[in-house]
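Contents: one structure, followed by commentary.
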Amino acid sequence: MSRALISVPPKAKKGEVVQIKALIQHVMETGFRPNSSGVLLPRDIITSFKCLYNGTEVFACEMFPAMAANPFLTFHTLATESGTLEFQWTGDNGFSVKESAKIQVE
Amino acid sequence: MTGMTRRDILHCAAGGAVLLAVRPAAATPAAMQEAIRQVVGSARLTPGRMQLSVPPLSENGNTVPCTVTVESAMTAQDHVKAIHIFNEKNPQPNVISMQLGPRAGRASVSTRIRLSETQTVTAIAQMSDGSFRSHSANVIVTQGACLEDTP
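Residue numbers (the numbering used here), protein chains in the order written: chain A, 1 to 106; chain B, 107 to 257.
Below, the structure is given as structure tokens:
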């Protein structure tokens with residue numbers, strides 16, 4: 001199981017732009033690297049990520065092997081209403097991790 | 107004696123073979139242009155009004171921080187729809203494609219990327235009116251990603 005770290009401000013004013021940081025533990029094996037016996041290691045990467053704000057997608061991305069290991073993303077969203085931010089990572093070999101964070105909007 | 111001796115020729119051949127063996131299949135600037143064309147289509151790329159921030163010199167190509175900021179009001183009428191990052195010389199030209207919208211509030215994203223060698227990185231912003239912006243930056247990489255053995 002991969003560890004995911006998320007940073008969402010717990011409180012925000014309505015209409016404020018909040019910064020969100022999402023980090024997840026993953027090797028992001030490119031598929032272009034040989035092991036010590038010269039055989040290419042098979043690709044194993046996270047291919048997509050999305051962030052849902054009370055069910056509505058506010059950020060999504062598609063990743064390629066050129067992403068560094070332990071993909072780290074920083075993005076922004078408008079604090080519209082109190083609720084839950086849900087984070088989903090999916091990748092090769094059935095990789096799937098979900099995390100969520102609460103935000104209180106005043 | 108002028109010209110190449112047999113020894114020189116053998117040296118060259120061996121050197122060439124080593125170069126070929128060491129360099130894996132790599133994307134070329136042309137491959138990057140093609141990948142950009144696939145996103146942009148026939149639209150024109152306008153440089154400016156966005157910033158791709160990468161360190162000019164990176165000691166470790168395995169993790170190069172990069173930030174893309176696009177000047178935009180981020181309203182329902184005028185916002186950034188997507189930000190794409192491309193590289194010139196990694197095995198593949200694509201790095202990441204991000205989908206944004208007016209709900210983002212601010213068109214500024216950061217991540218960490220891998221670079222196999224010294225090269226130019228290009229960011230493309232797709233605007234809601236159908237236009238495209240671009241900004242490129244050169245990164246000098248001291249130790250490239252991808253090539254070293256597993257520990």
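Ideal Cβ positions, reconstructed from N, Cα and C, are used throughout, including at glycine. These numbers were taken from a predicted model, which means no experiment stands behind them.
Would the beta-carbon of residue 46/A fall within 8 Å of that of residue 65/A?
-> no
Roughly how many whole angstroms lie between the Cα atoms of residue 238/B and residue 36/A?
-> 44 Å
With C-beta atoms as the reference, is residue 105/A less than 8 Å away from residue 209/B?
-> no
Work out the CA separation of residue 62/A and residue 89/A for me, nearest whole Å.
-> 10 Å
Grab me the residues of residue 198/B's own chain with a C-beta within less than 7 Å of its C-beta, minus the 5 sequence neighbours each way, in chain order.
-> 133
Residue 157/B versus 245/B, 246/B, 241/B, 247/B, residue with shortest Cα-Cα distance | 241/B
8 Å contact criterion, which residue 67/A and residue 202/B should meet: CB distance rounded = 6 Å
What residue from 162/B, 247/B, 188/B has the CA that sits closest to residue 145/B's CA?
-> 188/B
Since residue 178/B meets chain A, which of its residues come closer than 9 Å, beta carbon to beta carbon?
-> What residue 178/B touches in chain A: nothing, since even the nearest Cβ is about 12 Å away.
Rounded Cβ spacing between residue 161/B and residue 215/B (contact assumed at less than 8 Å) = That belief does not hold up - the Cβ atoms of residue 161/B and residue 215/B are roughly 17 Å apart, past 8 Å.
Check whether the stretch 81-88 of chain A touches the stretch 223-235 of chain B, counting contact only when three or more Cβ pairs, one atom from each stretch, lie closer than 8 Å.
-> no
Which residues mark the beginning and the end of the alpha helix (DSSP H) in which residue 153/B is found?
-> Where residue 153/B is concerned, there is no enclosing alpha helix (DSSP H), although the beta strand (DSSP E) it sits in stretches over 151-153.
Helix, strand or coil: how does DSSP classify residue 131/A here?
-> The requested residue 131/A does not occur in the structure, where chain A is confined to residues 1 to 106.
At a Cβ cut of 9 Å, what residues of the stretch 61-89 of chain A count as close to chain B, listed as they run along the chain?
-> 61, 62, 63, 64, 65, 66, 67, 68, 69, 70, 71, 72, 73, 74, 75, 76, 77, 78, 79, 80
Contact list for residue 207/B against chain A, beta-carbon separation under 9 Å = 57, 58, 59
Contact check, residue 217/B vs residue 172/B, beta carbons under 8 Å = yes
State yes or no: is the beta carbon of residue 32/A nearer than 8 Å to at least one beta carbon in chain B?
-> yes
Which first and last residues belong to the beta strand (DSSP E) in which residue 171/B is found?
-> 170-176
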